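Peer 1:
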Amino acid sequence: MAVLASVAIGVAVPGVAVAAAAGPERVCKVGDKRLTELSGLAATGSGYVVVDDSSDQSSHRKIFYLNRKCKVDRTVSYPSRPRDTEDLGIAADGTLWVADIGDNNGNRATIALWRLAPGADEPVLYRLTYPDGAHDAEALLLTRAGTPIVVTKSIASAGVYVPDGELKPDKTTTLRSAGSVTVPVTGTSNPFGLPGRLVITGGAVSPDGRHAVLRTYADAFEFGVDGDDVVGAITKSTPTQIALPDEPQGESISYTVDGTALLTVSEEVDGEEAVIQRYPLADRAPVTTPATSAAPSPTTRTTSAVPAAAQKAAEDDSLPTGLLVTGGVLVLAAAILGGLLLRRRE
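One point on numbering: in the working numbering, the residue at position 88 of the sequence shown is 97, and numbering is uninterrupted.
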């Protein structure tokens, strides 16, 4: 068990387990030119569902269903233009949720969730607003009961928000703060150095609901979930670190349908096509859940309301194990985060 540093000033993380290196395994290459800025990924019984965060081209603003070879089988269009789709997930009942929550400039009055029920031919829009001003966010988690959880892309301490009431397509629902997440600082190599280890870029819940995972540009952090308390797991428990070293621009993560591995995919960088990668989870028994055994089929519309791997050190700026992050390091990280965001495609 390795002890890693805490982002919180002067506070040490007790002990963070580090999963043994067992990957990545190359799954398939995503060669479709509409999918150059992949930001959300979920596994299905027949392949994968992905979204692209580009809002500039209409051809990119769709929900894409891929087969097991990463070829696009079909697409689903939105009834109106999304702003910045950054993550997605499939709930226990097979409902697909797309998180339109990106806000690089911090000026959105509302964010949105798009809900594609099993059998629906287009997603339904639900608008939400933060109780404390705009936030940029890229991670969505779904409880077994179907409650969506938004985790912000905030340096040091990421906010955790849940709907404060029932979601309805004809009204804006206020989110409420449900706590915060502070990920341990690691030395895992990634294109963005220290800032890449401090911001959360994606999330997922395992098919059986017993685990939740949040990722940065460098690592995945898996939490054990007691009951269906995903919020409690990510805000109060200590995660296991799974290194995702040197992914080009990793913003997506998912579990396989049997829950035995993590899947990731990066945006296309410097013309290199995105590749879905698989990170096996040691000693994880496979699970079978009807909701994730097949992709939601867009055939008939429904509009029902719903209730609320080994660490690789960077040679230039890695932090030694056990080091407490001081205020000076945090300020430095905040200063260079601007460079990280500028390197992201809008």
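Even for Gly, the Cβ is constructed at its ideal location relative to N, Cα and C. Remember, it's a predicted structure, so these values are computed and weren't measured experimentally.
1) Among E276, V296, T247, which residue has its Cα nearest to the Cα of V27?
2) Using C-beta distances below 7 Å, list every residue in its chain close to G259, excluding the 5 sequence neighbours before and after it, in chain order.
3) Cα separation between E281 and N116?
4) How would you call E34, buried or exposed, if buried means at least 16 neighbouring beta carbons within 10 angstroms?
5) If you run the structure through DSSP and keep just helix, strand and coil, what is G128?
6) Tell me where the alpha helix (DSSP H) around T244 begins and ends.
7) Thinking just about the alpha-carbon of each residue, which of P295, P257, G268 is nearest to the one in V278?
8) Leaving out five residues on either side along the sequence, give the residues of the same chain with a beta carbon under 7 Å from the beta carbon of S86.
9) Can you name the residues that DSSP bridges to K78?
10) What residues match up with V192 in a beta bridge as DSSP calls it?
11) Touching or not, the segment 288 to 296 and the segment 47 to 56, by the rule of three or more beta carbon pairs under 8 Å?
12) For a test of the three-state rule: what should DSSP assign to G212, helix, strand or coil?
13) Can you tell me whether DSSP reads G280 as helix, strand or coil?
14) Just the C-alpha distance for G103 and T156, rounded to the nearest angstrom, thanks.
15) Among the candidates A126, Y57, V169, whose CA atom is the shortest distance from the CA of I110?
16) Quick check on DSSP: helix, strand or coil for H69?
17) Hey, out of D179, E46, D217, whose CA is closest to H69's CA?
18) Among residues of its own chain, excluding the 5 on either side of L184, which ones have a beta-carbon nearer than 8 Å to its beta-carbon?
19) Taking DSSP as the reference, what is the three-state secondary structure of G236?
Peer 2: Here's the rundown:
1) T247
2) T210, R224, Y226, L253, T273, S275
3) Per the coordinates, the alpha-carbon of E281 lies some 32 Å from the alpha-carbon of N116.
4) exposed
5) coil
6) 239 to 245
7) P257
8) Close CB contacts of S86 within its chain, under the 7 Å cut and outside five residues either way in sequence, are with K71, E131 (chain order).
9) The partner list for K78 (beta bridge, DSSP) is empty, contrary to what the question assumes.
10) In the DSSP output, where bridge partners are listed per residue, V192 has none listed.
11) no
12) In the structure shown, G212 sits in a strand (DSSP, three-state: E or B).
13) Here G280 sits in coil by DSSP.
14) Approximately 13 Å between the Cα atoms of the pair.
15) V169
16) helix
17) E46
18) L137, T138, Y139, P140, V159, Y170, V171, P172, D173
19) Coil at G236, not helix or strand.
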